[in-house]
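All remarks here apply to the structure that follows.
In my numbering, the protein residues as written are 8 to 243.
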């Protein structure tokens, strides 16, 4: 729905723009930020509360993007860009498992989960200023960012135990997928070298930020971060 709205607005603006006023960019690069957070899931077993605490870490990874800007007035440009980031994170989990016979005597198990996926799709609304110099253009921009976020979270564990049940052996983790739409902001810079009137190469950087919160555990984590890369620009 967000993507459809953005495309519609940009196509309408582009239809009334003069030649060489519309720029389409395709980029690839690195999202350098890491996201570390802790989430604690509660559950009830043997009429007692247990918990699983997971320390998540999502590392840096590849990011891809596409965007359209229209020179609306003099050097003022407006538009939108989409960014795509996906990464498998890790989680160090510690579980307190209620004892079937003894209250307040939890069995402790620990493990590492290596496939807790994070996915971010960012829609960045662009308001920028273009500084032309010969065949080089420098663009500085900022605006709001809307992120569609998916994050795998550990909600429980499976385990085995034998009488007298004082020790439990971890077998697997139980996960669920958090899906959120959150709003933040971005600032960005772009340097484009025009190879011709129709095409150019660019180096770009964007810093974006938003915060997502899981309602079940209360855990919060950062979304976005610094992205650096480059790509190609098409002028119409």
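All C-beta atoms, glycine included, are put in the ideal place defined by N, C-alpha and C.
Cβ separation of residue i and residue j, assumed to be a contact under 8 Å, to the nearest whole Å
i           : j           : result
residue 28  : residue 81  : Between residue 81 and residue 28 the Cβ distance is about 11 Å, and since that is not below 8 Å, they are no contact.
residue 114 : residue 175 : 4 Å
residue 237 : residue 36  : 7 Å
residue 133 : residue 74  : 7 Å
residue 30  : residue 76  : 5 Å
residue 107 : residue 50  : Incorrect: roughly 15 Å between the Cβ atoms, too far for contact.
Nearest candidate by alpha-carbon position, reference residue i, set the options
i           : options               : result
residue 48  : 238, 239, 183 and 172 : 183
residue 72  : 129, 204, 117 and 205 : 129
residue 100 : 172, 64 and 42        : 64
residue 213 : 233, 199 and 225      : 233
residue 70  : 223, 90 and 55        : 90
residue 110 : 56, 223 and 219       : 56
residue 188 : 168, 203 and 221      : 221
residue 242 : 203, 34, 168 and 186  : 203
residue 228 : 32, 34, 169 and 186   : 186
residue 179 : 102, 42, 169 and 139  : 102
residue 140 : 201, 205 and 66       : 201
residue 42  : 66, 34 and 33         : 66
Other residues of its chain near residue i: CB distance less than 8 Å, five sequence neighbours each side excluded
i           : result
residue 68  : 37, 38, 92, 93 and 94
residue 190 : 151, 152, 153, 154 and 217
residue 45  : 60, 61, 62, 63 and 226
residue 181 : 161, 162, 163, 164 and 165
residue 172 : 106, 107, 108 and 114
Residues near residue i in its chain [Cβ-Cβ closer than 7 Å; skip 5 each side]
i           : result
residue 9   : Its pLDDT being 49, under 50, residue 9 is placed unreliably in this model, and the coordinates cannot settle the point.
residue 13  : Residue placement at residue 13 is poorly supported in this model, since its pLDDT is 49, which falls under 50; the coordinates still yield a value, given next. Around residue 13: 87 and 130.
residue 235 : 36, 37, 39 and 212
residue 273 : For residue 273 there is no data in the structure shown, the boundaries of the chain being 8 and 243.
residue 112 : 106
Spatial neighbours of residue i in its chain, beta-carbon cut-off 6 Å, leaving aside the 5 residues before and after
i           : result
residue 118 : 100 and 177
residue 199 : 144, 207, 209 and 240
residue 168 : 175
residue 142 : 201
residue 33  : 73, 238 and 239
residue 223 : none
Residue i CB to nearest heavy atom of the ligand HEM below 7 Å
i           : result
residue 178 : Ligands are entirely absent from the displayed structure, and the ligand HEM is therefore not among its contents.
At least 3 beta-carbon pairs within less than 8 Å: the segment 202-210 vs the segment 161-176: no
Entirely enclosed beta strand (DSSP E) segments - the segment 73-138, minimum 3 residues: 83-104
Touching by the beta-carbon criterion (3+ pairs, under 8 Å), the segment 141-148 and the segment 189-208: yes
At least three beta-carbon pairs within less than 8 Å, the segment 70-90 to the segment 51-60: no
Touching by the beta-carbon criterion (3+ pairs, under 8 Å), the segment 153-160 and the segment 123-141: yes
Residue ranges of each beta strand (DSSP E) within the segment 163-204, 3 or longer: 175-201
Within the segment 205-240, ranges of the beta strand (DSSP E) (whole runs, at least 3 residues): 206-220
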